[in-house]
Amino acid sequence: MFLQTIDPKAGTFKRIKPPGTIFMEETKLKNIILCHHEERNLYGKIFGGYLMRQAFELAWTNAFMYCRSLPEIETVDDIVFKQPVEIGSVLFLSSQTVYTQENKMLVYVHAEVVDPIKDIHISTNTFYFVFKAPLLEKVKPVIPKTYAEAMIYLNGKRHYEG
Numbered sequence: 027m028f029l030q031t032i033d034p035k036a037g038t039f040k041r042i043k044p045p046g047t048i049f050m051e052e053t054k055l056k057n058i059i060l061c062h063h064e065e066r067n068l069y070g071k072i073f074g075g076y077l078m079r080q081a082f083e084l085a086w087t088n089a090f091m092y093c094r095s096l097p098e099i100e101t102v103d104d105i106v107f108k109q110p111v112e113i114g115s116v117l118f119l120s121s122q123t124v125y126t127q128e129n130k131m132l133v134y135v136h137a138e139v140v141d142p143i144k145d146i147h148i149s150t151n152t153f154y155f156v157f158k159a160p161l162l163e164k165v166k167p168v169i170p171k172t173y174a175e176a177m178i179y180l181n182g183k184r185h186y187e188g
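All you need for my numbering is the position in the sequence shown, starting with 1, plus 26.
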């Protein structure tokens, strides 16, 4: 996969995008939410179902933007609650299409609480969703451009195949 992105005419490792593919960095979609007390649970924290809904909506929108066709949810693969989200928190959701196969795509959503005063980001949740584009036979393959993206790609592939 890496060798497909190297320009053979360049003297250095200049990266090119193979035809019919999309670099992972082009698939990012983000959202910021202010967490209100209406979404609290019995313990005074933000309800996990609310976080899952916000993550799902962002992932669905990401899949829609990626395949340019109405996606259908196939699998809610993995959801991890690392930290509670406090009321009044600024929640930063970031999604990315990290793996594709045939007409399916795996979208990863990462949630973190941001403290703008202290400039601190605390990871709170991770979500993996598999979507299918039923009107398409195949979606464009996603290709990592950096080493960090390659690790995310491999992690996504493991989630998809696991």
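Virtual Cβ for every residue (Gly too), placed ideally from N, Cα, C.
Note that the coordinates shown come from a computational prediction; the quantities given were computed from them, not determined experimentally.
In angstroms, rounded to a whole number, what distance separates the CA positions of residue i and residue j?
i, j, result
"K158", "N129", "6 Å"
"N67", "G114", "14 Å"
"K176", "F153", "In the sequence on display, residue 176 carries Ala and not Lys. Those two C-alpha atoms are separated by around 18 Å."
"P44", "V140", "36 Å"
"L132", "K144", "33 Å"
"G46", "T87", "21 Å"
"K183", "I59", "29 Å"
"H62", "I146", "20 Å"
"G75", "Y69", "14 Å"
Among the residues of its own chain, which have a CB less than 7 Å from the CB of residue i, if the five just before and after it don't count?
i, result
"K108", "S149, T150, N151"
Could you check where the alpha helix (DSSP H) with residue i kicks off and where it finishes?
i, result
"F82", "74-93"
"Y173", "173-187"
Skipping 5 residues on each side, what residues in its chain have a beta carbon closer than 6 Å to that of residue i?
i, result
"N57", "L84, L119"
Tell me where the beta strand (DSSP E) around residue i begins and ends.
i, result
"L132", "130-141"
"H147", "146-158"
"E98", "98-107"
"L60", "55-60"
"L117", "116-127"
Is any heavy atom in the ligand PLP found nearer than 7 Å to the beta carbon of residue i?
i, result
"Q122", "By its list of ligands, the structure shown contains no ligand whatsoever, and the ligand PLP lies outside what it can speak to."
Going by the CB atoms, is the gap between residue j and residue i shorter than 8 Å?
i, j, result
"A89", "V135", "no"
"V111", "P142", "no"
"E65", "P160", "no"
"L77", "A137", "yes"
Please return the same chain residues whose Cβ sits closer than 8 Å to the Cβ of residue i, not counting the five positions on each side in sequence.
i, result
"L162", "C93, S95, N129"
"K71", "P110, V111, E112, I113"
Using a Cβ distance threshold of 8 Å, determine whether the region 114-126 contacts the region 155-174, with at least three qualifying pairs required.
In short, these stretches touch, since the Cβ pair count reaches three.
Cβ contact check for the region 98-118 and the region 42-54: 3 or more pairs under 8 Å:
With a cut-off of 8 Å on Cβ pairs, the region 98-118 is not in contact with the region 42-54, counting fewer than three such pairs.
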